[in-house]
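Contents: one structure, followed by commentary.
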Amino acid sequence: MASIILFVRHKIMTPLRLALLSIAVGVFPLLVMLLASFIANACGCTLNEAGAGKCVVFGKDVGGVLSVMFMFGWLGMITAPAGIIGVLSSAIWAVTK
1 MASIILFVRH
11 KIMTPLRLAL
21 LSIAVGVFPL
31 LVMLLASFIA
41 NACGCTLNEA
51 GAGKCVVFGK
61 DVGGVLSVMF
71 MFGWLGMITA
81 PAGIIGVLSS
91 AIWAVTK
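Each residue of the sequence shown is one higher than the one before, starting from 1 at the first, in the working numbering.
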């Protein structure tokens, strides 16, 4: 709580910065999931939620890593609403400032 007050008092956190941070936090897991899908499609691998499949990229099996990255999409169920709440909070903050 003290760190939030410190950000606001010293003008480090502004409504615009809060909105941008909220968007970044809300979208990040979805971007990681899309990156995993892109890599798997580019390498001709199958990627699903059932488990890690064999996917060789530059001689290394990255199927497990891609599977974990793909599961980040589920984290978006938490971060996307949190990002929306942050953007709405920053809009309220900007209007009342």
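Even for Gly, the Cβ is constructed at its ideal location relative to N, Cα and C.
When C-beta atoms of the segment 53–60 are compared with those of the segment 31–38, fewer than three pairs fall below 8 angstroms, so the two segments do not count as touching. From the listed residues Gly26, Thr14 and Leu20, the smallest Cα separation to Gly76 is found for Gly26.
For Ile23, the closest C-alpha among the options Trp93, Gly64, Ala42 and Ile85 is that of Ile85. Apart from the 5 residues on each side of it in sequence, Val87 sits with its Cβ closer than 7 angstroms to the Cβ of Ala19, Ser22 and Ile23 in its chain, given in chain order. Counting only the Cα atoms, Pro29 lies some 8 angstroms from Trp74.
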